[in-house]
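Protein chains in written order, with my numbering: chain A, 890 to 1116; chain B, 890 to 1116. The beta carbon of each residue, even a glycine, is placed where N, CA and C say it ideally should be.
Protein chains: 2
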Amino acid sequence: MQDISTDGNGQGRIRQENEKRIMKAAEKVFAQNGFRGATTASIAEEAGLPKANIHYYFGTKAKLYRAVVDDIVALWLSSFREITANDDPASTLADYIRAKMDLSRTRPEASRVFANELIRGAPRIKPYLEGDLKDWVESKAAILDMWVEQGKMAPVDSKRLIFHIWAMTQTWADFEVQWASVLGRQDGLQDADFDKATDAIISTVLRTCGLLPLPSRRHATEMPLTV
Amino acid sequence: MQDISTDGNGQGRIRQENEKRIMKAAEKVFAQNGFRGATTASIAEEAGLPKANIHYYFGTKAKLYRAVVDDIVALWLSSFREITANDDPASTLADYIRAKMDLSRTRPEASRVFANELIRGAPRIKPYLEGDLKDWVESKAAILDMWVEQGKMAPVDSKRLIFHIWAMTQTWADFEVQWASVLGRQDGLQDADFDKATDAIISTVLRTCGLLPLPSRRHATEMPLTV
DNA sequence: AACTTACCTGACCAAATGGTCAATTCTTGC
DNA sequence: GCAAGAATTGACCATTTGGTCAGGTAAGTT
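Laid out in structure tokens, this is it:
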């Protein structure tokens, strides 16, 4: 006989399938409406199940939300294992930016749930921000600083650089509609748009770190700028 | 006798004061909960007025929201007049970033209402995005391109550079709690934090444009990187 | 086949929500 | 000081919301 707890994730086949289905629907609805704005009825409709079914599996809206957010935090953390010690700065940074942009393209709803949570002051994930995330930032900033020490790259404000990489990569998920509108993409951003954005972010970051030669200017009438 | 339209902004003294008061409260509540999640009751409480009073001045929640959003769009647009033709690229960009960061620091709630709207797919402001904002971006990108043509700065992807300036500046308003948590600021970000962030963004942008000499590396054991 | 457990869901409920309204008080121009 | 419009608000209402529950069906185990 298998242990199937009521609220956790038991291992009943049907249960697993339905929980996944509900969480996918919930992620979408929470992303679009935030916790307070989302209704269990609309989540049920999105999942193609009667509302009572949602409560059967998750109990309350708050617990369902918690499950969705925890899932996303786990995704975030797993994507963070990237940057490691004595790699090459340029390729490591570029790889990390590419990984982050892939998440923005493939899991925009997850990013938006997270964004909603932050805009609201992160009542439910502050411990994560002050714990795992803070630790991660500090350890990665230390690596950047070490690279600077070793003369592998130009001095930078390492923490702000990390923050700004997140800002630039996540804006393409969170505010996609803004960039699509401004670029005139009626059907939303295409893969090519993400590629172009990725290149632009990599250029910006590598130039910030002095890791990318500046293309020569059109009219070479001025002195070189850089040391 | 003065013309006081019911829904617009008549010039009754009391009316003006109360409308301002309600909109301020509404901005805060909408920022924290989005349109659907905000309740007229909580807006009323925040404003220190009975709920019926809110309806007396604005009719419906939707009209109030519209008024708040329009106000913010106007603020946004006015902050956009900045970048003009044949200025000096470096100081113009730096000034613009400083202005945008000042908005993030002084009007974070406005930024968050806007962010909420974008996350939701911008149902109510798409015309603005596809109109005024698109035009603004195109005209300013043209100026950047002109500077490149004139050899005043290195070639850049001008539109993405603008997008990323927004992303970096607005993240300090929209996701303040995240950065405060990671930096260990228990009482929220301080002015010094914004100053440091502003410097970091300016450095990144100017280096991207080849407008800032790179500080020399610690160990000058390698060849200069830039052309 | 019998039995146990997981799964399903229509019908229901109390609370919250956006909005209305009529009665009352406050302002203001004359 | 007084009439006319502006402002105020408690009480009320229809609808929506999160959540419950009883009575059922399907699935697995022996």
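> What are the start and end residues of each continuous alpha helix (DSSP H) run of 4 or more residues lying completely inside the region 969–1013 of chain B, in chain order?
Replying inline: Segments of the alpha helix (DSSP H) lying fully in the region 969–1013 of chain B: 978–995, 997–1008.
>> Suppose you measure from the CA of G899 of chain A to the CA of L966 of chain A; what does that come to, to the nearest Å?
In response: Here the question's residue 899 of chain A lines up with position 10 in the first sequence. Here the question's residue 966 of chain A lines up with position 77 in the first sequence. For G899 of chain A, the predicted structure reports a pLDDT of 39, less than 50, and the residue's modelled location is therefore unreliable. A value from the coordinates is still provided. Distance from the CA of G899 of chain A to the CA of L966 of chain A, rounded to the nearest whole angstrom, comes to 24 Å.
> Does the pairing of the region 902–916 of chain B with the region 932–945 of chain B give three or more beta-carbon distances under 8 Å?
Replying inline: These segments touch.
> If contact means a Cβ-Cβ distance below 9 Å, which residues of the region 962–978 of chain B contact chain A?
Replying inline: Taking 9 Å as the Cβ-Cβ cut-off, the region 962–978 of chain B has no residue approaching chain A.
>> Just to confirm, is the Cβ distance from G1077 of chain A to E1065 of chain A under 8 Å?
In response: Within the first sequence, residue 1077 of chain A is the residue found at index 188, counting from 1. Within the first sequence, residue 1065 of chain A is the residue found at index 176, counting from 1. With contacts defined as CB atoms closer than 8 Å, G1077 of chain A and E1065 of chain A qualify as a contacting pair.
>> Against chain B, which members of the region 933–944 of chain A pass a CB distance test of less than 9 Å?
In response: Within the region 933–944 of chain A, no residue has a Cβ that lies closer than 9 Å to any Cβ of chain B.
>> What does the Cβ neighbour count give for T995 of chain B, buried or exposed, with the cut at 16 atoms within 10 Å?
In response: Along the second sequence, read from residue 1 onward, the residue named residue 995 of chain B stands at position 106. A residue is called buried once 16 or more other Cβ atoms fall within 10 Å of its Cβ, and T995 of chain B, having fewer, is exposed.
>> What does the alpha-carbon distance come out to for the pair Q1075 of chain B and T981 of chain B?
In response: One-based indexing of the second sequence puts residue 1075 of chain B at position 186. One-based indexing of the second sequence puts residue 981 of chain B at position 92. Taking C-alpha positions only, Q1075 of chain B is separated from T981 of chain B by approximately 34 Å.
>> Which residues in chain A have a C-beta closer than 7 Å to the C-beta of V1026 of chain B? List them in chain order.
In response: Locating residue 1026 of chain B in the second sequence gives position 137, where the first residue counts as 1. Those within 7 Å of V1026 of chain B in chain A are V1071.
>> So within the region 1016–1093 of chain A, which uninterrupted alpha helix (DSSP H) runs reach at least 4 residues, ignoring any that extend past its ends?
In response: If you keep only unbroken alpha helix (DSSP H) runs of at least 4 residues inside the region 1016–1093 of chain A, you get 1023–1038, 1047–1063, 1065–1072.
> Within 10 angstroms of its Cβ, does D977 of chain B collect 16 or more other Cβ (buried), or is it exposed?
Replying inline: Residue 977 of chain B sits at position 88 when you count from the first residue of the second sequence. With fewer than 16 other Cβ atoms from the protein chains shown falling within 10 Å of its own Cβ, D977 of chain B counts as exposed.
> Residue range of the alpha helix (DSSP H) that A941 of chain A falls in?
Replying inline: Indexing the first sequence from 1 puts residue 941 of chain A at position 52. In the DSSP annotation of this structure, the continuous segment of the alpha helix (DSSP H) that includes A941 of chain A starts and ends at 940–947.
> What in chain A is Cβ-close to N922 of chain B, meaning under 8 Å?
Replying inline: Position 33 of the second sequence, counting from 1, holds the residue named residue 922 of chain B. Result: G923, R925, G926, R1009.
>> Tell me the DSSP secondary structure of T1097 of chain A in three-state form.
In response: Within the first sequence, residue 1097 of chain A is the residue found at index 208, counting from 1. In the three-state DSSP reduction, T1097 of chain A falls in the helix class (H, G or I).
> Where do the N-terminal and C-terminal ends of the alpha helix (DSSP H) with A933 of chain A fall, by residue?
Replying inline: For the purposes of this step, residue 933 of chain A is taken as the residue at position 44 of the first sequence. Note, A933 of chain A: alpha helix (DSSP H), 929–936.
> Hey, is V1066 of chain A's beta-carbon within less than 8 Å of any beta-carbon in chain B?
Replying inline: Position 177 of the first sequence, counted from the start, is the residue given in the question as residue 1066 of chain A. Yes, V1066 of chain A counts as interfacial toward chain B.
>> Mapping the DSSP letters down to three states, classify G926 of chain A as helix, strand or coil.
In response: Residue mapping note: residue 926 of chain A aligns to position 37 of the first sequence, counting from 1. Looking at G926 of chain A - three-state DSSP - the assignment turns out to be helix.
>> So, for V1045 of chain B: in the same chain, excluding its five sequence neighbours on each side, which residues have a beta-carbon less than 8 Å away from its beta-carbon?
In response: To locate residue 1045 of chain B, count along the second sequence from 1; it is residue 156. Closer than 8 Å at the Cβ level, and outside the excluded window around V1045 of chain B, lie L1033, V1037, T1097, C1098.
> Exposed or buried, R902 of chain B, counting other C-beta atoms within 10 Å across all chains shown (16 or more means buried)?
Replying inline: Within the second sequence, numbered from 1, the residue matching residue 902 of chain B stands at position 13. Taking a 10 Å sphere around the C-beta of R902 of chain B, we find fewer than 16 other C-beta atoms and assign the residue as exposed.
>> Determine, for D1063 of chain A, whether the minimum Cβ-Cβ distance to residues of chain B falls below 8 Å.
In response: The residue labelled residue 1063 of chain A in the question sits at position 174 within the first sequence. Yes, contact with chain B.
>> I need the DSSP call for L966 of chain A, collapsed to helix, strand or coil.
In response: By 1-based counting over the first sequence, the position of residue 966 of chain A is 77. Helix, per DSSP.
>> Check whether the region 1002–1009 of chain B and the region 953–969 of chain B touch, using three or more Cβ-Cβ pairs below 8 Å as the test.
In response: Segments in contact, yes.
> S968 of chain A and K952 of chain A: beta carbons closer than 8 Å?
Replying inline: For the purposes of this step, residue 968 of chain A is identified with residue 79 of the first sequence, where counting begins at 1. For the purposes of this step, residue 952 of chain A is identified with residue 63 of the first sequence, where counting begins at 1. No, they are not a contact pair.
> With DSSP run on the structure shown, which of helix, strand or coil describes L953 of chain A?
Replying inline: Here residue 953 of chain A is taken as the residue at index 64 of the first sequence, counted from 1. Under the three-state reduction of DSSP, L953 of chain A is assigned to helix.
>> Am I right that L1100 of chain B and M1042 of chain B are in contact with their C-beta atoms under 8 Å? What's the rounded C-beta distance?
In response: Counting from one through the second sequence, the residue named residue 1100 of chain B turns up at place 211. Counting from one through the second sequence, the residue named residue 1042 of chain B turns up at place 153. Contact annotation, L1100 of chain B with M1042 of chain B: C-beta distance approximately 6 Å; criterion of less than 8 Å satisfied.
> Leaving out the 5 sequence neighbours to the left and right, which residues in its chain are closer than 8 Å to L938 of chain A when beta-carbon positions are compared?
Replying inline: Along the first sequence, one-based indexing puts residue 938 of chain A at 49. Once the five neighbours on either side are set aside, the close Cβ partners of L938 of chain A are N907, R910, I911.
> Should G901 of chain B be flagged as near chain A, meaning a C-beta pair shorter than 8 Å?
Replying inline: Here residue 901 of chain B refers to the residue found at position 12 when the second sequence is read from its first residue. Not one chain A Cβ lies under 8 Å of G901 of chain B.
>> I'd like to know whether the C-beta of A1089 of chain B is nearer than 8 Å to at least one C-beta of chain A.
In response: On the second sequence, position 200 is the one that residue 1089 of chain B refers to. So yes, A1089 of chain B belongs to the interface.
> Can you list, in chain order, the residues of its chain whose CB lies under 7 Å from that of S894 of chain A, leaving out five sequence neighbours each side?
Replying inline: The residue labelled residue 894 of chain A in the question sits at position 5 within the first sequence. Its pLDDT being 38, under 50, S894 of chain A is placed unreliably in this model, and the coordinates cannot settle the point.
>> Among B:A1031, B:F947, B:L1007, B:V1094, whose alpha-carbon lies nearest the alpha-carbon of Q905 of chain B?
In response: The sequence position of residue 905 of chain B within the second sequence is 16, counting from 1. Comparing Cα positions, the closest option is B:F947.
> How many angstroms separate the CA atom of Y1017 of chain B from the CA atom of G1010 of chain B?
Replying inline: Stepping through the second sequence from its first residue, residue 1017 of chain B is reached at position 128. Stepping through the second sequence from its first residue, residue 1010 of chain B is reached at position 121. Their Cα atoms are separated by approximately 13 Å.
> Cβ of R1049 of chain B less than 8 Å from any chain A Cβ?
Replying inline: Start at 1 with the first residue of the second sequence, and residue 1049 of chain B comes out as number 160. R1049 of chain B counts as touching chain A.
> Name the chain B residues that come within less than 8 Å of D1046 of chain A, Cβ to Cβ?
Replying inline: As a working mapping, residue 1046 of chain A is identified with position 157 in the first sequence. Under the 8 Å cutoff, chain B gives K1085, D1088, A1089, S1092.
> Nearest to A1089 of chain A by alpha carbon, out of A:A927, A:A933, A:A983, A:R925?
Replying inline: Here residue 1089 of chain A refers to the residue found at position 200 of the first sequence. Ranking the options by Cα distance to A1089 of chain A, first place goes to A:A983.
> By Cβ distance below 7 Å, which residues in the same chain neighbour V957 of chain B in space, the five residues on each side in sequence not counted?
Replying inline: On the second sequence, position 68 is the one that residue 957 of chain B refers to. Answer for V957 of chain B: M912, A915, E916, F919, V1002, listed in chain order.
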